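To start, the structure itself, in structure tokens.
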Amino acid sequence: MSYLTGGLDWHAEYVAVVADKDDALDLSGWVSVDNRSGASFPDATLQLVAGDIHRATPERRYGKGMAAQVEMLRAQDTAFGEEAFFEYHLYSLERPTTILDNETKQITLFPPARCSVKKLYEASPAAGGKVRVVLETRNSSDAGLGLPLPKGVVRVYKRDSRERLQFLGEDRIDHTPRDEKVRVSIGNAFDLVVERTELDMRRLGQRDREVDVKIEVRNRKETETATVVLQEDLYGYWTIRNCSHPYEQKSATRLEIPVTVRAGETATVLYTVRFTG
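So the sequence shown is residues 369 to 645, counted in the working numbering.
Printed below as a string of structure tokens:
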């Protein structure tokens, strides 16, 4: 016998422990099942559906894009399996578990997996001088993962010189299929500063203009060379007339300039942008 209940909610959570050189991390995941249905489920087998599910009459206690089904039956296997199901992913806890009314139960989604990771520095100079720290990996078997990841919060830690875990930050990821990128923004870099200045603006007729921009990237770290990707959001019709550093136009509104700065040094980016129309 199966029940689909609006009082049973679940969400995924992840813990990532960054390696000493910031080039890998151990990622573990679990689900928290919250039972507010008014009933207890002894010896139940959980089946959790992850995806963006549309319901004609949504229940307030349902997590967006999640559904939970409890089957009141005995299971022989003890594995927690995952399978593609229609346009979603189904996670089946085949060993029986008891979920009491008004109880929140945590169940392991997968054991710790070592995966390679890149530490990126990104900044939006026009929005201020902060430099974001982003950890990026690919959800692939080559990188050490390759599992469909339900959306949830990723909490990131690293061991200090005394081997104690220290909290670095957290971010929320969306449903992530296999072989897609996973990006976790964990906060701002303390020792990296970006400062943007518009040096000059020239009118070129009634509708066109050119702007000269200077961006300083200051690396106050003691030993680490850092590459900061400057993300400039430019609107309307624009072209880069000249730039002191290699750049890439990522979209109609996004210019990216990677700048490498040695420890204790400052790099200066100069570019001219022309707006037309």
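For glycine and all other residues, C-beta sits at the position ideal for the given N, C-alpha and C.
The structure displayed is predicted, hence computed values, not measured ones.
Backbone secondary structure at residue i - three-state DSSP
i      : result
Ala491 : strand
Asp391 : coil
His613 : coil
Pro464 : strand
Gly514 : coil
His543 : coil
Asn403 : strand
Val499 : coil
Thr593 : coil
Thr621 : coil
Leu458 : strand
Leu694 : With the chain represented from 369 up to 645, any question about residue 694 goes unanswered, as that position is not in the structure.
Gly537 : strand
Gln599 : strand
Lys549 : strand
Lys321 : Residue 321 falls outside the range modelled here, since the chain spans only 369 to 645, and no answer is possible.
Phe478 : strand
Lys432 : Note that Lys432 has pLDDT 42, beneath the 50 cutoff, so the model's placement of it is unreliable and the number below is only indicative. Coil.
Val579 : strand
Ala380 : strand
Asn470 : coil
Ser396 : strand
Glu531 : coil
Ser484 : strand
Gly573 : coil
Gly555 : strand
Status (buried if at least 16 other CB within 10 Å, exposed otherwise) for residue i
i      : result
Asp601 : exposed
Asn470 : exposed
Asn507 : buried
Asn587 : buried
Ala491 : buried
Thr621 : exposed
Tyr603 : exposed
Leu598 : buried
Pro479 : exposed
Ser405 : buried
Cβ-based neighbour list, residue i, same chain, cut-off 7 Å, excluding 5 preceding and 5 following
i      : result
Asp390 : Lys487
Gln617 : Leu623
Leu461 : Thr413, Leu414, Phe448 and Ile475
Gln534 : Tyr525, Lys526 and Asp528
Val522 : Tyr382, Ala384, Glu538, Asp539, Ile541 and Val552
Among the options, nearest to residue i - alpha-carbon criterion
i      : options                           : result
Thr476 : Pro614, Val550, Leu517 and Gly397 : Gly397
Leu560 : Gly514, Glu584 and Arg540         : Glu584
Thr644 : Pro479, Trp606 and Val596         : Trp606
Glu548 : Tyr525, Met569 and Ser509         : Ser509
Lys526 : Val385, Arg482, Gly375 and Arg546 : Val385
Leu393 : Asp377, Thr591 and Ala511         : Ala511
Val417 : Ala631, Ala387 and Leu376         : Leu376
Ala481 : Ser529, Gly514 and Tyr603         : Gly514
Val524 : Glu538, Tyr489 and Pro516         : Glu538
Val499 : Ser529, Ser484 and Phe558         : Phe558
Tyr489 : Tyr456, His543, Ile554 and Leu458 : Ile554
Val485 : Arg532, Lys473 and Ala387         : Ala387
Cys483 : Met569, Arg463 and Leu395         : Leu395
Tyr456 : Val501, Pro516, Ala494 and Pro464 : Pro516
Own chain partners of residue i with C-beta closer than 8 Å, once the 5 adjacent residues on each side are dropped
i      : result
Gly520 : His379, Ala380, Glu381, Tyr382, Gly397, Arg540 and Ile541
Thr472 : Ser400, Val401, Asp402 and Asn403
Ala494 : Arg564, Glu600 and Asp601
Asn556 : Lys498, Val499, Arg500 and Val501
Whole-angstrom C-beta distance between residue j and residue i, which should lie under 8 Å
i      : j      : result
Val641 : Arg609 : 7 Å
Glu504 : Arg575 : With a Cβ gap of about 40 Å, Glu504 and Arg575 do not count as contacting.
Val581 : Arg564 : 7 Å
Ser408 : Ile467 : 7 Å
Glu592 : Ala631 : 6 Å
His543 : Gly419 : 6 Å
Proximal residues to residue i (C-beta, below 6 Å), its chain only, five neighbours per side dropped
i      : result
Thr628 : Thr595
Gly497 : Val561, Val562 and Glu563
Arg571 : Arg577
Lys589 : Asp559 and Ala631
Pro626 : Thr595 and Val597
Proximity test, residue i beta-carbon vs the ligand NAD heavy atom, cut-off 6 Å
i      : result
Val417 : Only the bare structure without any ligand can be found here, which leaves the ligand NAD out of the picture.
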